[in-house]
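By numbering that gives the first Met the number 0, the letter at position 57 of the sequence shown is numbered 56, and the numbering carries on one by one without gaps. Where is the CB? At the ideal position from N, CA and C, for every residue including glycine. Model, not experiment: these values are computed from the prediction.
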Amino acid sequence: MNTPVLAVRGLRTSFRTRAGELVALEDVSFTVGERETVALVGESGCGKSMTALSVMRLVPQPGRVAAGEVLLDGVDLLGLPEPAMQRIRGDRISMIFQEPMTSLNPVMTIGDQVAESLLLHRDMPRPAARRRAIDLLDLVRIADPHRRVDDYPHRLSGGMRQRVMIAMALALEPRVLIADEPTTALDVTIQAQILELLRSMQRALGMGLLLITHDLGVVAQLADRVLVMYAGRVVEQASVAALFDRPTHPYTRGLFGATPARGHARGRLREIPGMVPSLSARSAGCGFAARCPLVESGCVKTAPPLLTQGGHGVACQVVARQRDGVPA
Ligand SMILES: Nc1ncnc2c1ncn2[C@@H]1O[C@H](COP(=O)(O)OP(=O)(O)OP(=O)(O)O)[C@@H](O)[C@H]1O
Ligand code: SF4
Ligand SMILES: [Mg+2]
Numbered sequence: 000m001n002t003p004v005l006a007v008r009g010l011r012t013s014f015r016t017r018a019g020e021l022v023a024l025e026d027v028s029f030t031v032g033e034r035e036t037v038a039l040v041g042e043s044g045c046g047k048s049m050t051a052l053s054v055m056r057l058v059p060q061p062g063r064v065a066a067g068e069v070l071l072d073g074v075d076l077l078g079l080p081e082p083a084m085q086r087i088r089g090d091r092i093s094m095i096f097q098e099p100m101t102s103l104n105p106v107m108t109i110g111d112q113v114a115e116s117l118l119l120h121r122d123m124p125r126p127a128a129r130r131r132a133i134d135l136l137d138l139v140r141i142a143d144p145h146r147r148v149d150d151y152p153h154r155l156s157g158g159m160r161q162r163v164m165i166a167m168a169l170a171l172e173p174r175v176l177i178a179d180e181p182t183t184a185l186d187v188t189i190q191a192q193i194l195e196l197l198r199s200m201q202r203a204l205g206m207g208l209l210l211i212t213h214d215l216g217v218v219a220q221l222a223d224r225v226l227v228m229y230a231g232r233v234v235e236q237a238s239v240a241a242l243f244d245r246p247t248h249p250y251t252r253g254l255f256g257a258t259p260a261r262g263h264a265r266g267r268l269r270e271i272p273g274m275v276p277s278l279s280a281r282s283a284g285c286g287f288a289a290r291c292p293l294v295e296s297g298c299v300k301t302a303p304p305l306l307t308q309g310g311h312g313v314a315c316q317v318v319a320r321q322r323d324g325v326p327a
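Next comes the structure, spelled out in structure tokens:
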């Protein structure tokens, strides 16, 4: 594998409440390489967005990243003072959110919004930033960018707004882009166009892409590797081929179906009985125990670590016994 641009190690994110500390993420570790697309999948509430926000240091109060490292080209972002982090955010690492309307400023033209980071981070003179904004709108395939640059967000369709978000996120050519369900709010044809756009921009810039998605078709098409999250932990991680050929964690098998055909992967993750436990309902053992068809008495005592064999990591004590794995 190529050099990781992003290496996350032992991430723990929690919320301080009157009822005590509620843990949203526990021991989350993964890497994203240059030009690599890593998909992050799992049911609603598993901690996908929280992982993205933790990496960006944007966890809402009273939440905080309590432990771990987020290395961007070897520099731990968690150790930086906030002003230094502000210089990096949107510049070396950027994020696209699910709902473009809430992320765009309704009273600023899209041109000014795309140009803002160029003015702020690159100290570019205004006319040059405007020209660059037009180029970027063109790059994300907004038709007639010279005219569109002066439009306000409400004049654009959902798909166009998402293109503007992509132009903003990529204006400074980041090393890593985090896209949190970037197409969920869009119709299928537009989804495909936006994903293709992300893919081509990634290739052009050589970025690492962390792609949060519910869609197995998207995973199969775009991702090199997959991380499966459950109840705030990574429970399985593997190359796309290995994960589709041999989904191994009982949770992944539930979501993917026992033998998914990679070429025919389609639609959203399968529904499995039960629900993701809320933060206050999480216990010391395996988070999946209450829903797991293979559960045994030892499962509720301690959370199984992610054990890796041949690049395929699984956090399950039954699987570990079956494969006699070695710790990652
Ligand atoms: N501000 C907050 N305060 C307390 N708990 C929160 C907060 N935001 C999220 N959580 C909890 O953290 C857990 C992880 O949430 P997260 O938003 O990361 O889920 P997700 O995997 O992105 O789900 P979805 O697919 O619905 O976007 C959930 O149990 C959620 O209720
Ligand atoms: S550790 Fe136990 S409960 Fe958890 S996934 Fe494995 S078998 Fe199921
Ligand atoms: Mg989310």
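CB contact flag (residue i, residue j, <8 Å)
i, j, result
"Ser13", "Gly67", "no"
"Ile211", "Ala178", "yes"
"Ala222", "Ala83", "no"
"Gly346", "Ala237", "Outside the displayed range of the chain (0 to 327) lies residue 346, so it cannot be described from this structure."
"His120", "Gly89", "yes"
"Val7", "Arg174", "no"
"Pro303", "Ala289", "no"
"Met336", "Ile271", "What the structure shows of the chain is the stretch from 0 to 327, and residue 336 is not part of that stretch, so it cannot be assessed."
"Ile133", "Gly158", "no"
"Pro124", "Leu136", "no"
"Leu138", "Ala128", "no"
"Gln201", "Thr36", "yes"
"Lys331", "Met274", "Nothing about residue 331 can be read from this structure; the chain reaches only from 0 to 327."
"Gln97", "Ala184", "yes"
"Leu194", "Val40", "no"
"Ala166", "Leu176", "no"
"Pro249", "Pro292", "yes"
"Thr77", "Val64", "Contrary to the premise, residue 77 reads as Leu rather than Thr in this sequence. Closer than 8 Å, so yes."
"Gly32", "Gly312", "no"
"Arg160", "Leu103", "yes"
"Ala230", "Pro276", "yes"
"Arg232", "Val27", "yes"
"Leu71", "Ile92", "yes"
"Ser116", "Leu204", "no"
"Leu21", "Ser282", "no"
"Ala18", "Met49", "no"
Any non-hydrogen atom of ligand 2 within 7 Å of residue i CB
i, result
"Ile321", "The residue asked about is misnamed: residue 321 is Gln in this sequence, not Ile. Incorrect: Gln321 has no Cβ contact closer than 7 Å to ligand 2."
"Leu293", "yes"
"Ala283", "no"
"Phe287", "yes"
"Val233", "no"
"Val359", "Outside the shown range of the chain (0 to 327) lies residue 359, about which nothing can therefore be said."
"Gln308", "no"
"Gln316", "yes"
"His153", "no"
"His311", "no"
"His120", "no"
"Pro249", "yes"
Distance cut-off 7 Å: residue i Cβ against heavy atoms of ligand 3
i, result
"Lys300", "no"
"Ala179", "In the sequence on display, residue 179 carries Asp and not Ala. Because some heavy atom of ligand 3 lies under 7 Å away, the Cβ of Asp179 counts as near it: yes."
"Ser48", "yes"
Any non-hydrogen atom of ligand 1 closer than 7 Å to residue i Cβ
i, result
"Cys45", "yes"
"Pro304", "no"
"Ser277", "yes"
"Gly62", "yes"
"Glu273", "The amino acid occupying residue 273 in the given sequence is Gly; Glu does not appear at that position. No, the beta carbon of Gly273 sits no closer than 7 Å to any heavy atom of ligand 1."
"Phe14", "yes"
"Pro82", "no"
"Ala23", "yes"
"Gly67", "no"
"Gly216", "no"
"Gly41", "yes"
"Pro59", "yes"
The region 10-28 / the region 200-217 touching (three or more Cβ pairs under 8 Å):
No, they do not touch.
Within the chosen definition, does the region 238-248 reach the region 47-62 through at least 3 CB pairs nearer than 8 Å?
Verdict: no, contact absent.
At 4 residues or longer, what runs of the alpha helix (DSSP H) sit wholly inside the region 240-302?
Runs of the alpha helix (DSSP H) inside the region 240-302: 249-255.
Between the region 316-323 and the region 291-307, can you find at least three pairs of beta-carbon atoms closer than 8 Å?
Cβ pair count under 8 Å is three or more, so yes.
Any 3 or more C-beta pairs closer than 8 Å across the region 148-157 and the region 103-115
Yes, they touch.
Going residue by residue through the region 79-157, where are the continuous alpha helix (DSSP H) segments of at least 4 residues, counting only ones entirely within it?
The region 79-157 contains, as complete alpha helix (DSSP H) runs of 4+ residues, the segments 81-87, 99-102, 109-121, 125-138 and 144-147 (chain order).
In chain order, which continuous runs of the alpha helix (DSSP H) of length 4 or greater are located wholly inside the region 16-78?
Runs found: 47-55.
4 or more residues per run - each alpha helix (DSSP H) lying fully within the region 201-234:
The qualifying runs are 215-221.
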